[in-house]
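These notes are about the structure you will find just below.
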Amino acid sequence: MLNAPDATATRPYLLRALHEWCTDNGYTPYVVVVVDETVQVPMEFVKNGEIVLNVSYDATSGMTLGNDYIEFKARFGGVPRELIVPVSRVMAIYARENGQGMSFPMVQATTNQASPSAQLNESRPTLSAVETSTTNKNPDDEPPTNPPPSTGRPTLTRIK
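Quick look at the structure:
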């Protein structure tokens, strides 16, 4: 029997699967990242400790969706940046066009060892729909990498 602590985390596999689903269906995959000292992103775009990133192949260069990190290059205000996001800091992935995606529980890492209950919660992602605000946009406009505050922040809704 396989012990839970020895099992590979499901989060990176689900992120890759939903990224592929978005791409195959012509949707734009976005990830919501909880930023801490382990996350390498442009800090000037972080709002309330989070950043929303467009992780489509059109918006990124050299992207790797690994088991431990998501790594890619992207432009922010025309300036190329290298981003490194630990998979454990991804709170959600969703399609910008319809809000369909998945949210993940966040484990508060106060020490190097997570409690058994935190490890159990880490392995149980939640299917979610992400509600996005709708505005009149020109379809030829490229969506912003991090939506401006005036468009409203996406909200996660738990579906049972």
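Each residue of the sequence shown is one higher than the one before, counting from 0 in numbering that gives the first Met the number 0. The beta-carbon is built from N, C-alpha and C at its ideal position, and this holds for glycine as well. On a predicted model such as this, the values are computed, not experimentally measured, just so you know.
Closest residue to residue i among the options (Cα-Cα distance)
i	options	result
Phe75	Val51, Asp67, Trp20	Val51
Val54	Gly65, Ile92, Val33	Ile92
Pro85	Thr37, Glu19, Arg15	Thr37
Tyr12	Val33, Asn24, Ile69	Ile69
Thr22	Asp57, Met42, Val40	Asp57
Val78	Met90, Pro104, Val40	Val40
Pro101	Gly61, Pro28, Met42, Met62	Residue identity differs from the one stated: residue 101 is Met in this sequence, not Pro. The candidate whose alpha carbon is nearest that of Met101 is Pro28.
Met62	Thr7, Arg10, Arg15, Ala8	Arg15
Residue i versus residue j: straight-line alpha-carbon distance, rounded
i	j	result
Arg95	Thr59	16 Å
Glu49	Val106	15 Å
Leu64	Phe44	22 Å
Asp35	Gly98	25 Å
Arg88	Tyr26	23 Å
Ile83	Val30	13 Å
Asp67	Glu81	16 Å
Asn47	Ala73	21 Å
Ala32	Met90	According to the sequence provided, residue 32 is Val. The question's Ala does not apply to it. Cα-Cα distance, rounded: 6 Å.
Arg245	Met42	Residue 245 is absent from the structure shown; the chain starts at 0 and stops at 159.
Phe103	Phe71	21 Å
Endpoints, the alpha helix (DSSP H) within which residue i is located
i	result
Ala16	10-23
Range covered by the beta strand (DSSP E) that runs through residue i
i	result
Thr63	60-64
Tyr29	28-33
Ser102	99-102
Glu49	49-53
Met90	89-94
Identified DSSP bridge partners for residue i
i	result
Glu70	Thr63, Ile83
Val78	Phe75
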